[in-house]
Structure formats: C-alpha cells, structure tokens
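Everything below concerns the one structure shown next.
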Amino acid sequence: IAGRRRVNATGTRKGITPDSLVPLDAPTQSRRYTTPSVTSRKELPAVFARKRARSQAFDEEEDELANDPAPGPNATEKEQIEWKRRQNTLAARKSRKRKLEHQQMLEKEVRELKTERDTWKTRTLTLQALLASHGVP
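Okay, so the sequence shown: first residue is 1 according to the UniProt record's numbering, each after it adds one.
Structure follows, in structure tokens:
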C-alpha cells in the first residue's frame, strides 16, 4: 500500500512551505466575475442583511467593537462588506500558515521518533547478539 496514491483528499498539499504561501500583506483580489458567482449569489451577505433588519426593527445604530479597526461610521455598506471580506481573507491566510507549520512540526517529530526507534532497535539487536555469544539465552 506504500506505493499507492491516495484516492481521498487529505486537506494538505505536498511540497509547500509556509514561506511559499500568499503573504499576509498581499492585496486581496477584487471580485470581478464574468458569470454569476456560485459562492456568493447574494448582493448583500446575510450578516449585513440581518444587521440591517435588526437596526430597522429596533431603530438602533450599528454597534461597533471599540478595539476593531473597522471602517468608520460613515462607511458605506459596500465598504463594510469589502472590509469584512478582507478580514476573512487574512484570517484564512493565517489559518493556512498555522496549519502548514503545525503539520511540518508533526512530520519532523515523526521523523525524529522513527530515528530514535531505529537506534533503540539496533541497540537491542546488538545486546541480544552479545548475550547469545556468551551463551545467555
């Protein structure tokens, strides 16, 4: 089975390093579709639609987190959507990098443990041979 290719997706790509991923400060691609998007069919994301409905229903202003560098209170809905999309993109990039670094750390640990196992195996075989040469069963 060692030489067979995996049929199922593993969620990882071989030969990629954290440095080869898209940098965090890289620009986010703008959304320009030639055909309708399959992933975002709505003009207004559900989060913003709910926020709008709630503020209209309760006649309250949109609450912003104080420590959140979100667009200002005068920002348009489009600017808020773009900002949220950018935040999501950055979070995804960070998550991919963390996942890759974690996987590489685990793979390195496996290699080290296999080396240690082989060392102990060799020592065991050597000592068993030494005992056998002295007539100890």
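Every residue gets a Cβ at the ideal spot worked out from N, C-alpha and C, and that includes glycine.
- The continuous alpha helix (DSSP H) containing Thr122 extends over residues 77-133.
- Only buried fits Ile81, as 16 or more other CB atoms lie within 10 angstroms of its CB.
- In the three-state reduction of the DSSP assignment, Asp25 falls in the coil class.
- Excluding sequence positions up to five before and after Val110, its CB lies less than 8 angstroms from no other CB in the same chain.
- Judged by DSSP in its simplified three-state form, Pro69 adopts coil rather than helix or strand.
- Comparing alpha-carbon positions, the option among Arg86, Trp120, Glu107 lying closest to Gln29 turns out to be Arg86.
- Counting only the Cα atoms, Asp25 lies some 28 angstroms from Lys108.
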